[in-house]
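In this note's numbering, the protein residues as written are 16 to 755.
Here is the structure:
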């Protein structure tokens, strides 16, 4: 073998530990994050999509369907501590949880489908066959710290069979094969309609009469008799060891690294035969097949002599159990006859009919409750779809008293100062909501959650002082959001998270002074976002997360400057208008992070100084319109203006025509056509050239700015030498005058 054909294996022994440490450090520093998780309290955590998708099938599906680069996921009914614990488990692989918090954490894990904490297939038996070891859940108390080692030999962890899933209707083919007569509705394909199925089925048992209360009592009595005379197989199916015992049978989990075999004995079998059979199975490394039904009361005598076993705390609602591999245990099984199976099927069929009857009665009672809702005395119900509550007598939102069918709701000129979270719960078909003229001083987070069909929301002429975090979150299909003529002074971060498909957001006639960081994060698909005049400060990342905007208009502002990264995170905008404003100093990187813009319009502004204006090719800006601006001080260097855009239009601007003019003429504002640029722009200084076209000045006779020339050509050291020479000259003159 030649040296060139040899291959070497380079192995990094600490690769996994290093990767875990680095990923956890990135989470703590919020570096390279591309998504945000938020809870109801308003707290947020920035994290990484790839880690969440790798640890949760829920996040993998969610992120694959989202198109935005930095989505904001709002988790309902999850506190911040549970969120931090779940993230620590995902990033580090372990987390310490108090016993009182374990149940809630597992519920969150089930909702998010976190791998290792929940079985995504929903079967404890499947978890028993899983090849990966179960997670180690460390618990910490005030007395001592428990380790991550497995349970001691005298403790056994089990998976309980949980019966919290809805019953699935039996298929007609199975019912026919079991020998039971099928109702006509099952053959006619009406099994998908519970109401029709229940009435047709019950008519078969009640000779065509409807289902009154005494017949329901009759069926309940039949069910009680059935439960009192249940068969062993039925007790096994329902998870009961005896007829009067309701404890669930633990399903034993086998070890992941060794084969566990069960001893199968019939009523006429011998122990020796089974022992030899077990040895044969162990020799071949196979697991013998067990009958499909087993009665739990047939247990081994050795099991009765075993010490008491401790079972972990199991949340029966979440369907999650802490399954740790136990010691092998042996069971006896009973072979059921065909009569036993037929009796069990009959019992389940009767139970199925009772469930259908219960669902039918529950639906009727709910309809009766809905119909019994009357119009509130302060309102006028023009129809089941239109309600007016404009009398001024409401101190709270009467969502629970209004018909669920209302589509247009007007609550104007009332006296409720606070719109609480989920204030309109139950009004799921609401399309238009008017809250004008109310005494609203606060809109709490997720106030409009659940209004998925809401198209128009108007909150105008109120004393609302600000827009709080998550106030308008999750308005997924809102078309018009009118917030004019209020007292809104600032917009907090993530106020519109999850809101999309908005035609227009109107904020006119508000004393809006500050746009805070991430104020519009998560707001997508907006046609028009128009800000009121008078804005005095725009914080960094104010537009971060705002995507797919038709028109963004900022006018009549009084800024001390455009801060660095003001427009970072703003993407996919058709037109941006920055006009009729005092922009102050355009700082370095003010437009850094702005991407995919059709038209960037900077019109009729006063600009004190352009420190740096870089629009790189990665910004993907098609057209820059720099029109009618008054620039008091030009860039210090020509390279401070780099415009890598498809088209630049710079006309009707006023620039200094002194020594700074060379920096403008040599910059990308002129785009290499200095003559045309001078013809279409004007001078702002010196005074004798104010308002005149720049082409009237012979710039060949205008010297360059002296300090800039020294800096560019000779370096900063020459400047220091010149300053030292000037200082020596002053000292010399002073000494001459002194001796005189």
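Just so it is clear, CB atoms sit at the ideal spot from N, CA and C, and this is done for glycine as well. Remember, predicted model here, so these are calculated numbers, not experimental data.
Limits of the unbroken alpha helix (DSSP H) element including residue i
i: residue 398; result: Premise fails: residue 398 lies in the beta strand (DSSP E), 395–398, not in any alpha helix (DSSP H).
i: residue 566; result: Run containing residue 566: none in the alpha helix (DSSP H); it sits in the beta strand (DSSP E), 562–570.
i: residue 619; result: Careful: residue 619 lies outside any alpha helix (DSSP H) and carries neither H nor E.
i: residue 79; result: 72–80
i: residue 118; result: 114–127
i: residue 37; result: 30–44
i: residue 104; result: 95–107
i: residue 677; result: 676–680
i: residue 690; result: 689–695
Beta-carbon proximity check, residue i vs residue j, cutoff 8 Å
i: residue 486; j: residue 449; result: no
i: residue 469; j: residue 490; result: yes
i: residue 397; j: residue 421; result: no
i: residue 55; j: residue 461; result: yes
i: residue 63; j: residue 49; result: yes
i: residue 77; j: residue 52; result: no
i: residue 584; j: residue 556; result: yes
i: residue 649; j: residue 678; result: yes
i: residue 494; j: residue 476; result: no
Euclidean distance between Cα positions of residue i and residue j
i: residue 695; j: residue 630; result: 22 Å
i: residue 114; j: residue 361; result: 43 Å
i: residue 25; j: residue 40; result: 26 Å
i: residue 636; j: residue 79; result: 27 Å
i: residue 119; j: residue 92; result: 10 Å
i: residue 68; j: residue 95; result: 20 Å
i: residue 435; j: residue 412; result: 9 Å
i: residue 33; j: residue 66; result: 15 Å
i: residue 626; j: residue 670; result: 14 Å
i: residue 350; j: residue 356; result: 11 Å
i: residue 82; j: residue 539; result: 10 Å
i: residue 612; j: residue 606; result: 11 Å
i: residue 698; j: residue 628; result: 20 Å
i: residue 453; j: residue 84; result: 38 Å
i: residue 542; j: residue 130; result: 40 Å
i: residue 713; j: residue 662; result: 28 Å
i: residue 481; j: residue 500; result: 12 Å
i: residue 125; j: residue 101; result: 11 Å
i: residue 132; j: residue 401; result: 48 Å
i: residue 106; j: residue 532; result: 27 Å
i: residue 439; j: residue 418; result: 12 Å
Beta-carbon contacts of residue i that lie in its chain and below 6 Å, excluding the five residues immediately before and after
i: residue 640; result: 616, 664
i: residue 403; result: 395, 425
i: residue 711; result: none
i: residue 473; result: 449, 451, 497
i: residue 224; result: Residue confidence for residue 224 is low, a pLDDT of 39 falling below 50, so the modelled location carries little weight; the figure read from the coordinates is stated next. No residues qualify anywhere along the chain.
i: residue 13; result: Outside the shown range of the chain (16 to 755) lies residue 13, about which nothing can therefore be said.
i: residue 128; result: 71, 72, 73, 135
i: residue 155; result: With a pLDDT of only 42 at residue 155, under the threshold of 50, the placement of this residue in the model should not be trusted; the figure read from the coordinates follows. So the list reads 111, once near-sequence residues are dropped.
Best match in the options for proximity to residue i [C-alpha to C-alpha]
i: residue 566; options: 587, 576, 456, 575; result: 587
i: residue 716; options: 708, 683, 676, 690; result: 676
i: residue 651; options: 602, 610, 635, 614; result: 602
i: residue 488; options: 106, 87, 693, 451; result: 87
i: residue 43; options: 669, 99, 32; result: 99
i: residue 593; options: 547, 634, 626, 632; result: 547
i: residue 564; options: 524, 578, 475, 514; result: 514
i: residue 509; options: 465, 560, 522; result: 560
i: residue 36; options: 416, 359, 108, 660; result: 108
i: residue 590; options: 45, 125, 638, 21; result: 638
i: residue 632; options: 609, 131, 502; result: 609
Own chain, CB closer than 8 Å to residue i, minus 5 neighbours either side, in chain order
i: residue 410; result: 429, 430, 431
i: residue 552; result: 528, 529, 530, 574, 575
i: residue 704; result: 672, 698, 711, 712
i: residue 228; result: Only weak support exists for where residue 228 lies, its pLDDT of 46 falling under 50; the coordinates are left without a value.
heavy atom of the ligand PLP below 7 Å from residue i C-beta
i: residue 352; result: Among the ligands in the structure shown, none appear at all, so the ligand PLP cannot be discussed.
N-terminal and C-terminal residue of the beta strand (DSSP E) that residue i is part of
i: residue 490; result: Premise fails: residue 490 is in no beta strand (DSSP E) and is neither H nor E.
i: residue 640; result: 636–642
i: residue 670; result: 669–671
i: residue 24; result: Taken as a continuous stretch (DSSP letters only), residue 24 belongs to no beta strand (DSSP E), as it is neither H nor E.
i: residue 648; result: 645–648
i: residue 63; result: Premise fails: residue 63 is in no beta strand (DSSP E) and is neither H nor E.
Residues near residue i in its chain [Cβ-Cβ closer than 7 Å; skip 5 each side]
i: residue 57; result: 460, 484, 485
i: residue 512; result: 53, 87, 89, 485, 488, 536, 537
i: residue 659; result: 630, 631, 632
i: residue 45; result: 61
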